[in-house]
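Student: The structure is given below, and queries will be raised subsequently.
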Amino acid sequence: MQKSTTSALLRKLSFLLIWSLLILNSCNDDTKPVPPKEENIYLKESSSIATLNKQQVLQKAGTLAAVVAQYVKHDIKVYKITYKTKNTDGSDITASGALILPVSTGPVSMISVQHGTISNPDEAPSLFRDGSEGSSFGSLFGSMGYIIAYPDYIGYGESKDLPHPYEHRASLASASLDMLRAAKEFLRGQTDVKWDEKLYIAGYSEGGFATMSLQRKIEEEASSEFNLRASSCGAGAYDKTAFMKHIINVKTDGVAGYNSLYLWVLLTYDRIYKLNKPASYYFTEKYAPQITASGKNASIPESFHLALNDSFKKALNDGTDKAFIDAIADNDVYDFKPKTPTQLYHGTDDPLVFFFNSENAYNAMQKRGATNVEFIKVNKGTHSSSILPFLLGTQAFFANTL
Numbered sequence: 386m387q388k389s390t391t392s393a394l395l396r397k398l399s400f401l402l403i404w405s406l407l408i409l410n411s412c413n414d415d416t417k418p419v420p421p422k423e424e425n426i427y428l429k430e431s432s433s434i435a436t437l438n439k440q441q442v443l444q445k446a447g448t449l450a451a452v453v454a455q456y457v458k459h460d461i462k463v464y465k466i467t468y469k470t471k472n473t474d475g476s477d478i479t480a481s482g483a484l485i486l487p488v489s490t491g492p493v494s495m496i497s498v499q500h501g502t503i504s505n506p507d508e509a510p511s512l513f514r515d516g517s518e519g520s521s522f523g524s525l526f527g528s529m530g531y532i533i534a535y536p537d538y539i540g541y542g543e544s545k546d547l548p549h550p551y552e553h554r555a556s557l558a559s560a561s562l563d564m565l566r567a568a569k570e571f572l573r574g575q576t577d578v579k580w581d582e583k584l585y586i587a588g589y590s591e592g593g594f595a596t597m598s599l600q601r602k603i604e605e606e607a608s609s610e611f612n613l614r615a616s617s618c619g620a621g622a623y624d625k626t627a628f629m630k631h632i633i634n635v636k637t638d639g640v641a642g643y644n645s646l647y648l649w650v651l652l653t654y655d656r657i658y659k660l661n662k663p664a665s666y667y668f669t670e671k672y673a674p675q676i677t678a679s680g681k682n683a684s685i686p687e688s689f690h691l692a693l694n695d696s697f698k699k700a701l702n703d704g705t706d707k708a709f710i711d712a713i714a715d716n717d718v719y720d721f722k723p724k725t726p727t728q729l730y731h732g733t734d735d736p737l738v739f740f741f742n743s744e745n746a747y748n749a750m751q752k753r754g755a756t757n758v759e760f761i762k763v764n765k766g767t768h769s770s771s772i773l774p775f776l777l778g779t780q781a782f783f784a785n786t787l
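Just so you know, the numbering used here puts 722 at position 337 of the sequence shown, and the rest follows in order with no gaps.
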């Protein structure tokens, strides 16, 4: 009788043991449901453009090769990415840019480079054509050991059928920020390189203006998304109000190429802010018909202020054309207190984007109590001759803030 009772007890204990093991096994990590793949919000598509070794990177650097050879340390992989952003009217559009990855085993930082003015659509970074800024400078900084995000902006690359919002603060900032968000999503889905989450931003000329615009947007709206470590802005037109007052009242060099850029800004603001003035409102009879026909490609081979109607200049000087004045002021980007270590580079003899832009920005930042801004004046530097000091200074600045 005792044997029968013992056997029954053992059977019961065995059943309980098996049941317990089944329960424990069902809780084992190996059988946990796999979390769903995180969906991309900004990134749409990516495609490989090129793979370059260090020697090919130096070839793309052209005349800079001898100066920068010591910094070229990595092969690179180049991708085109397309992403969601907003046009100037708030509509949803697809934009693009180049994303350059160094071939590196260790974690690396990212630089968002905002390109300078381009008039040829073939120079868009995502096309990565030889001789373009994105191809030469992008390859160079990528080979130094940085992930490079190079937005095309609206109006180039995937959005080439739209007009480029030249020197428009808000859209340059949003297109660049959304490119960074898409780049983050791309990096999350690959294993070739590890991002250390550090972000640096840089740009020259229109790129300098775009970089300062991006810096403000990140600091004010997206500081929780990105660990922004430093910003290097070169020769940007940050004080649009002072710039416009200067070119409508003061004799300038009269270089047609420079004037086409001033004209481009004016026409862009007229369009974006829906001022809808005819060319004859702004310009004299000598130039209005040509501007109506050719837009920013019209040739003005004399001081820009001589091409403007006296009535328009008077309306700006006495404040009666409030709509245009407000459009200009909406693109002033300089008057804030940076939270991020910032460098301002500018040639003292810049005939295109006048030196006072960076000087006014630095003074305004100092007045607001900024202690992390350095102003580097390139003595006798022009708009073109100050690029190399800017590049070398930016490389050193970023390396020292790692």
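Even for Gly, the Cβ is constructed at its ideal location relative to N, Cα and C.
Since Ile676 sits in a beta bridge, which residues does DSSP pair it with?
Tutor: Stepping through the sequence shown from its first residue, residue 676 is reached at position 291. Note: Ile676 sits in no beta bridge, so no partner.
Student: Between which two residues does the beta strand (DSSP E) carrying Arg656 extend?
Tutor: Here residue 656 refers to the residue found at position 271 of the sequence shown. First-last for Arg656: 641-657, but that is the alpha helix (DSSP H), not the beta strand (DSSP E).
Student: Can you say whether Pro663 is buried or exposed, counting buried as having 16 or more other CB atoms within 10 angstroms of its CB?
Tutor: Walking along the sequence shown from the start, residue 663 turns up at place 278. So Pro663 counts as exposed.
Student: Lys659: buried (16+ other C-beta within 10 angstroms of its C-beta) or exposed?
Tutor: Walking along the sequence shown from the start, residue 659 turns up at place 274. Flag for Lys659 reads exposed.
Student: Do we get a CB-CB distance below 7 Å when we pair Lys659 with the residues of chain C?
Tutor: Reference to chain C is not applicable here, since this structure consists of a single protein chain.
Student: Quick one: using the 10 Å Cβ neighbour count with 16 as the cut-off for buried, is Asn682 buried or exposed?
Tutor: In the sequence shown, the residue the question calls residue 682 occupies position 297. Under this definition Asn682 is an exposed residue.
Student: Along the chain, where does the beta strand (DSSP E) that runs through Tyr585 open and close?
Tutor: By one-based count along the sequence shown, residue 585 stands at place 200. First-last of the beta strand (DSSP E) with Tyr585: 580-589.
Student: Which stretch, first to last residue, makes up the beta strand (DSSP E) that contains Tyr667?
Tutor: Walking along the sequence shown from the start, residue 667 turns up at place 282. Segment 664-667 is the alpha helix (DSSP H) holding Tyr667; no beta strand (DSSP E) there.
Student: In chain order, what residues of the same chain have a beta carbon less than 6 Å from the beta carbon of Leu407, not counting five sequence neighbours either side?
Tutor: By 1-based counting over the sequence shown, the position of residue 407 is 22. The pLDDT assigned to Leu407 is 35, lower than 50, so where the model puts this residue is not dependable, and the model offers no usable value.
Student: Using the three-state DSSP reduction, which class does Pro550 fall into: helix, strand or coil?
Tutor: As a position in the sequence shown, residue 550 is number 165, starting the count at 1. Pro550: coil per DSSP, three-state reduction.
Student: Between Pro536 and the rest of its own chain, which residues show a CB-CB distance below 6 Å, the 5 nearest in sequence each way excluded?
Tutor: Counted from its first residue, the sequence shown places residue 536 at position 151. Excluding positions up to five away in sequence, the list reads Gly482, Ala560, Ser561, Met564.
Student: Between which two residues does the alpha helix (DSSP H) carrying Ser528 extend?
Tutor: Here residue 528 refers to the residue found at position 143 when the sequence shown is read from its first residue. 518-528 is the extent of the alpha helix (DSSP H) around Ser528.
Student: Spell out the partners DSSP gives Gly619 in its beta bridges.
Tutor: Taking the sequence shown and counting its residues from 1, the one referred to as residue 619 is at position 234. The partner list for Gly619 (beta bridge, DSSP) reads Tyr589, Tyr730.
Student: Terminal residues of the continuous beta strand (DSSP E) containing Thr436?
Tutor: For the purposes of this step, residue 436 is taken as residue 51 along the sequence shown, with counting starting at 1. Unbroken beta strand (DSSP E) run through Thr436: 428-437.
Student: Where do the N-terminal and C-terminal ends of the alpha helix (DSSP H) with Ala467 fall, by residue?
Tutor: Locating residue 467 in the sequence shown gives position 82, where the first residue counts as 1. According to the sequence provided, residue 467 is Thr. The question's Ala does not apply to it. First-last for Thr467: 461-471, but that is the beta strand (DSSP E), not the alpha helix (DSSP H).
Student: So is Pro506 buried or exposed if we call it buried at 16+ other beta carbons inside 10 Å?
Tutor: For this step, residue 506 is matched to residue 121 along the sequence shown. Pro506 comes out exposed.
Student: Could you spell out the range, first to last residue, of the beta strand (DSSP E) harbouring Leu486?
Tutor: As a working mapping, residue 486 is identified with position 101 in the sequence shown. Its beta strand (DSSP E) spans residues 477-487.
Student: In the DSSP assignment, find the alpha helix (DSSP H) that holds Ile633 and state where it starts and stops.
Tutor: By one-based count along the sequence shown, residue 633 stands at place 248. Residues 625-634.
Student: Is Asn472 near Ile478, with beta carbons less than 7 Å apart?
Tutor: On the sequence shown, position 87 is the one that residue 472 refers to. On the sequence shown, position 93 is the one that residue 478 refers to. Yes; because the gap between Cβ atoms is below 7 Å, this pair is in contact.
Student: Measure the CB-CB distance between Pro492 and Asp581 and report whether it falls below 7 Å.
Tutor: For this step, residue 492 is matched to residue 107 along the sequence shown. For this step, residue 581 is matched to residue 196 along the sequence shown. Yes, Cβ-Cβ distance for Pro492 and Asp581 is below 7 Å.
Student: How would you label Thr391, buried or exposed, when you count the other beta carbons within 10 angstroms and need 16 or more for buried?
Tutor: Residue numbering aside, residue 391 sits at position 6 when the sequence shown is read from its first letter. Residue placement at Thr391 cannot be trusted, given a pLDDT of 45 that sits under 50; the coordinates are not used to answer.
Student: Helix, strand or coil for Pro510 per DSSP?
Tutor: Within the sequence shown, the letter at position 125 stands for residue 510. Pro510: helix per DSSP, three-state reduction.
Student: Determine the direct distance from the alpha carbon of Trp649 to that of Val498, and round the result to whole angstroms.
Tutor: On the sequence shown, position 113 is the one that residue 498 refers to. On the sequence shown, position 264 is the one that residue 649 refers to. If I take the Cα positions, the gap works out to 22 Å.
Student: On the DSSP bridge assignment, give the partners of Met495 in chain order.
Tutor: By 1-based counting over the sequence shown, the position of residue 495 is 110. Its beta-bridge partners are Ile532, Leu584.
Student: For Leu693, write down the residues that DSSP places opposite it in a beta bridge.
Tutor: Your numbering for residue 693 matches position 308 in the sequence shown. Beta-bridge pairing links Leu693 to Phe668.
Student: Name the DSSP beta bridge partners of Glu605, please?
Tutor: Taking the sequence shown and counting its residues from 1, one reaches residue 605 at position 220. DSSP lists no partner for Glu605.
Student: Are there 16 or more other CB atoms within 10 angstroms of the CB of Ser679, so buried, or fewer, so exposed?
Tutor: In the sequence shown, counting from the first residue as 1, residue 679 sits at position 294. Classification for Ser679: exposed.
Student: Would you kindly report the start and end of the unbroken alpha helix (DSSP H) that includes Phe775?
Tutor: Residue numbering aside, residue 775 sits at position 390 when the sequence shown is read from its first letter. Note, Phe775: alpha helix (DSSP H), 772-785.
Student: Excluding the 5 residues preceding and the 5 following Asn410 in the sequence, name in chain order all residues of the same chain whose CB lies nearer than 6 Å to its CB.
Tutor: Along the sequence shown, one-based indexing puts residue 410 at 25. Any answer about Asn410 is weak, because its pLDDT of 41 lies below 50 and its placement is not dependable; what the coordinates show is given next. Cβ neighbours of Asn410 beyond the five flanking positions: none.
Student: Tell me the residue span of the alpha helix (DSSP H) that contains Ile710.
Tutor: Mapped onto the sequence shown, residue 710 falls at position 325. Segment 707-714, the alpha helix (DSSP H) holding Ile710.
Student: Give the single residue among Tyr456, Ser504, Gln751, Leu652 whose Cα lies nearest to the Cα of Pro487.
Tutor: Position 102 of the sequence shown holds residue 487. The shortest Cα separation from Pro487 among Tyr456, Ser504, Gln751, Leu652 belongs to Tyr456.
Student: If we count the other Cβ atoms within 10 Å of its Cβ and call it buried at 16 or more, is Ser617 buried or exposed?
Tutor: Reading the sequence shown from its first residue, position 232 is the one you call residue 617. When all chains shown are included, Ser617 counts as buried.
Student: For Ile426, I'd like the list of residues in its chain whose CB is within less than 8 Å of its CB, leaving aside the five on either flank, ordered along the chain.
Tutor: As a working note, residue 426 is residue 41 in the sequence shown. Cβ neighbours of Ile426 beyond the five flanking positions: Lys469, Arg566, Glu570.
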